[in-house]
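Read the structure below first, then the notes.
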Amino acid sequence: DNEEDEELPRFVFNYEPRSFETGMIVWFKYQKYPFWPAVVKSIRRKERKASVLFVEASMNPEKRGIRVP
Numbered sequence: 001d002n003e004e005d006e007e008l009p010r011f012v013f014n015y016e017p018r019s020f021e022t023g024m025i026v027w028f029k030y031q032k033y034p035f036w037p038a039v040v041k042s043i044r045r046k047e048r049k050a051s052v053l054f055v056e057a058s059m060n061p062e063k064r065g066i067r068v069p
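So the sequence shown is numbered by UniProt numbering: it starts at 1 and just counts up by one.
Okay, structure coming up:
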């Protein structure tokens with residue numbers, strides 16, 4: 001079958017949520033590392049900062065997240 005060799009269309013989404021909510025899954029880039037899925041742990045709206053926890057195999061919901069701008 002040639003269908004397996006066929007290149008699939010590429011999509012680029014320029015969507016940014018209007019606001020973030022606790023528990024939301026986001027893609028986060030930390031320093032030189034690639035984008036990685038993370039969970040929003042808490043939000044400080046006045047400071048315009050959030051704490052995120054990277055998604056990993058041994059996730060512990062009690063872990064502290066990383067505060068990000």
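Even for Gly, the Cβ is constructed at its ideal location relative to N, Cα and C.
The three-state secondary structure of K32, taken from DSSP, is coil. Relative to S19, the option among P34, A38, K29, I43 whose CA is nearest is I43. Per DSSP, K49 is one residue of the beta strand (DSSP E) stretching across 49-54. For F35, the number of other beta carbons within 10 angstroms of its own is below 16, and it is reported as exposed.
The three-state secondary structure of R45, taken from DSSP, is coil.
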